[in-house]
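Okay, structure first, notes after.
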Amino acid sequence: IEMARVAGLELAGGADGNHPLDATTAGVGELILSAVESGARRVVVGMGGSATTDGGLGAIDAMGSQARYRGVEILVACDVRTRFTDAAEVFGPQKGATDAHVRLLNGRLERLVQVYGERFDVDVSVLDRAGAAGGLAGGLAAMGAELVDGIDLVAEELRLDEHVADADLVVTGEGWLDPTSYDGKVVGGVGVYAAAAGVPLLVVVGGAEPAVVGRAGVVSLSDRFGMDRALSEPTALVELVVGEVLDRR
Numbered sequence: 031i032e033m034a035r036v037a038g039l040e041l042a043g044g045a046d047g048n049h050p051l052d053a054t055t056a057g058v059g060e061l062i063l064s065a066v067e068s069g070a071r072r073v074v075v076g077m078g079g080s081a082t083t084d085g086g087l088g089a090i091d092a093m094g095s096q097a098r099y100r101g102v103e104i105l106v107a108c109d110v111r112t113r114f115t116d117a118a119e120v121f122g123p124q125k126g127a128t129d130a131h132v133r134l135l136n137g138r139l140e141r142l143v144q145v146y147g148e149r150f151d152v153d154v155s156v157l158d159r160a161g162a163a164g165g166l167a168g169g170l171a172a173m174g175a176e177l178v179d180g181i182d183l184v185a186e187e188l189r190l191d192e193h194v195a196d197a198d199l200v201v202t203g204e205g206w207l208d209p210t211s212y213d214g215k216v217v218g219g220v221g222v223y224a225a226a227a228g229v230p231l232l233v234v235v236g237g238a239e240p241a242v243v244g245r246a247g248v249v250s251l252s253d254r255f256g257m258d259r260a261l262s263e264p265t266a267l268v269e270l271v272v273g274e275v276l277d278r279r
């Protein structure tokens, strides 16, 4: 289940169209319930791209009784390691939240820490990754889900370590590179596998913060070729950059 397909920021019209105080994860909970009622015994829920900061309360309410999920493995694939009570301050502005909204959302998350502690006997405030998707990860953890780095989950399913070990060069990237790209996300995770195998890593990105663009192996297409070409010819430019690196080997 990809949470962004039912509670994503794009569905809400982006930051300008979103209503941060009202956005709910109820639809995610409905999908989890539907999957389990259909016989699923292993459910993977992907975080990222959310419009919500409801701490997962909408999903929990939609899922119903915790007893219904006995014997069901729920894995939450997280793209950040942010703590539960930091979610509003760190990600709220990206979802259209004003300073006043962030203060209200902070209060909501702090109250939910108490609610989940009393209801489920789980302290979500101490869990790494619990702030993913506006605290949805923490809410699901309170219901018994396991929080994992999404990149590690995907890497295990794809046996990424075996593919990397046989490679001459590992290429990864994303649209915008910043320090958080190395903290539980694809770029950082792939880099760990490449380093472990002793294989060179090339990170090709659309653009990057100055703090990271100088890192070894990072190529920003917009910096090198200009924004127009980066947007209109990304595939050709990636092939060009990769070819240049391989030619130098």
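For the sequence shown, the numbering used here begins at 31 and goes up steadily by one. Glycine included, each C-beta is placed from N, C-alpha and C at the ideal position.
- Residue range 103-108 is occupied by the beta strand (DSSP E) that includes residue 107.
- For residue 250, the enclosing beta strand (DSSP E) covers residues 248-250.
- With 16 or more neighbouring CB atoms inside 10 Å of its own CB, residue 179 falls in the buried class.
- In this structure, 80 is the residue among 76, 80 and 259 with its C-alpha nearest to the C-alpha of residue 52.
- With the rule of 3 Cβ pairs closer than 8 Å, the segment 161-178 counts as touching the segment 115-129.
- Fully enclosed beta strand (DSSP E) runs of no fewer than 3 residues occupy 200-207 of the segment 177-229, in order along the chain.
- Assignment of residue 113 by DSSP, reduced to helix, strand and coil, places it in the coil class.
- The criterion of a C-beta distance shorter than 8 Å is satisfied by residue 107 and residue 76.
- By the Cβ rule, the segment 58-65 does not count as touching the segment 141-150, because fewer than three pairs are nearer than 8 Å.
- In the DSSP assignment, residue 58 falls within the unbroken alpha helix (DSSP H) covering 56-67.
- Assignment of residue 40 by DSSP, reduced to helix, strand and coil, places it in the coil class.
- For residue 231, the uninterrupted beta strand (DSSP E) run begins and ends at 231-238, by DSSP.
- In this structure the segment 90-102 does not touch the segment 120-137; the number of beta carbon pairs closer than 8 Å is below three.
- Here residue 194 is near residue 200, since their CB atoms are less than 8 Å apart.
- By the CB criterion at 8 Å, residue 243 and residue 258 fall outside the cutoff.
- In the DSSP assignment, residue 76 falls within the beta strand (DSSP E) that extends over 72-76.
- An exposed status is given to residue 265, since fewer than 16 other beta-carbon atoms sit within 10 Å of its beta-carbon.
- Rounded to whole angstroms, the Cβ separation of residue 55 and residue 42 is 12 Å, and the two are not in contact under 8 Å.
- Assignment of residue 95 by DSSP, reduced to helix, strand and coil, places it in the coil class.
- In the three-state reduction of the DSSP assignment, residue 269 falls in the helix class.
- Around the beta carbon of residue 240, fewer than 16 other beta carbons sit within 10 angstroms, so the residue counts as exposed.
- For the pair residue 93 and residue 173, the CB atoms are nearer than the 8 Å cut-off.
- Short of 6 Å from the beta carbon of residue 162, and not among the five residues preceding or following it, lie these beta carbons of its own chain, in chain order: 77, 108 and 110.
- In this structure, residue 82 lies away from residue 137, with their beta-carbon atoms at least 8 Å apart.
- Assigned with DSSP and collapsed to three states, residue 263 falls in coil, not helix or strand.
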